[in-house]
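*Asks:* Quick one: this structure, given as structure tokens, is what I'll be asking you about.
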Amino acid sequence: MSGLDLSSDFVNGEEPVDVVLPCLDEAPALPAVLGAFPPGFRAIVVDNGSTDDSAKVAEELGAKVVFEPRRGYGAAVHTGLEAASSRIVCFLDADGSLDAGQLPRLVRPVRQGSVELAVGRRVATAPGVWPWHARAGNAALALLLRARGLPVHDLAPIRAVNRSALLELGVADRGFGYPLELLVRAAREGWRVHEVDVGYGRRADGTVSKVSGSLRGTLRAATDMARVWRA
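Here full-length UniProt numbering is used: position 123 in the sequence shown is 123, and no number is missing along the way.
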């Protein structure tokens with residue numbers, strides 16, 4: 001196998017952690033994203049119907065690649081969760097906007113057993129990386145979640161969680177509503193949730209956001225999330 005070795009087993013006595021990366025036409029971003037993986041973190045790239053060489057690039061770089069033909073963020077995330085085998089599983093976008101080097105800070109409290117779920121709170125590292133329409137919608141949903149007692153300010157696509165607990169939580173949405181449903185169900189079950197500030201930068205050149213990259217994408221995400229909230 002050429003490329004990076006992303007299959008590390010126990011590092012410094014700690015168990016490995018699988019990282020699920022939903023992926024749709026992210027080939028230009030994958031070398032840098034996977035290259036930033038810390039030791040002991042194993043990439044599972046879930047190809048969600050890419051028309052570029054995402055799967056080939058990921059495989060050549062040492063990632064485990066699985067395929068989910070049903071389009072949708074939640075569908076890709078769930079398929080990756082089922083493909084994972086580690087006790088703790090992380091989730092990370094494959095577009096280069098988030099640095100995998102930040103994952104250990106999310107894993108630590110889950111590994112220690114002080115929380116069931118650790119989530120990122122995005123902090124923009126440059127002007128214009130987070131369009132106003134996406135930022136506003138995200139803030140409104142986070143406010144509603146805090147009203148339910150969940151101490152979060154973001155529905156960021158970077159998180160760490162106990163794999164078996166997440167499977168038992170039964171998140172059913174297979175579209176853009178998945179992150180919201182996860183947090184709503186976590187609140188209902190009384191999960192302890194820890195939020196960590198994470199740097200949020202520009203997507204890799206040659207990739208396009210399926211949500212914040214356009215008003216249409218944001219509206220689609222809002223529709224999915226509204227359906228989840230009413231359920």
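For each residue, glycine too, the CB sits at the ideal point set by N, CA and C.
Can you tell me where the beta strand (DSSP E) holding residue 42 begins and where it ends?
*Replies:* 41–47
*Asks:* Is the separation between the beta-carbon of residue 76 and that of residue 22 shorter than 8 angstroms?
*Replies:* yes
*Asks:* With distance defined between alpha-carbon atoms, name the residue in 156, 53 and 116 nearest to residue 73.
*Replies:* 156
*Asks:* Could you give the C-beta distance for residue 55 and residue 47, rounded to a whole number, given that I count them as a contact under 8 angstroms?
*Replies:* 4 angstroms
*Asks:* For residue 176, which option in 104, 67, 61 and 93 has the closest C-alpha, if you only look at C-alpha atoms?
*Replies:* 93
*Asks:* Do residue 196 and residue 186 come within 8 angstroms of each other at the CB atom, strictly closer than that value?
*Replies:* no
*Asks:* Indicate the three-state DSSP secondary structure (helix, strand or coil) for residue 61 in the structure shown.
*Replies:* DSSP places residue 61 in coil when its eight states are reduced to three.
*Asks:* Between residue 17 and residue 40, how many whole angstroms is the CB-CB distance? I'm expecting something under 8 angstroms.
*Replies:* At roughly 6 angstroms, the Cβ-Cβ gap stays under 8 angstroms, so residue 17 and residue 40 are in contact.
*Asks:* Which residues in the same chain as residue 26 place their Cβ atom closer than 7 angstroms to its Cβ, once the five residues preceding and following it in sequence are excluded?
*Replies:* 54, 94, 95 and 207
*Asks:* Determine the direct distance from the alpha carbon of residue 128 to that of residue 201, and round the result to whole angstroms.
*Replies:* 9 angstroms
*Asks:* For the structure I just gave you, are there three or more beta carbon pairs, one from the region 79–90 and one from the region 127–143, closer than 8 angstroms?
*Replies:* When C-beta atoms of the region 79–90 are compared with those of the region 127–143, fewer than three pairs fall below 8 angstroms, so the two segments do not count as touching.
*Asks:* Is the beta carbon of residue 81 closer than 8 angstroms to that of residue 163?
*Replies:* Contact flag set, yes.
*Asks:* Where does residue 74 sit, in a helix, a strand or coil, going by DSSP?
*Replies:* helix
*Asks:* Pick out the complete alpha helix (DSSP H) segments inside the region 118–195, 4 residues or longer, and give them in chain order.
*Replies:* 132–147, 163–169 and 178–188
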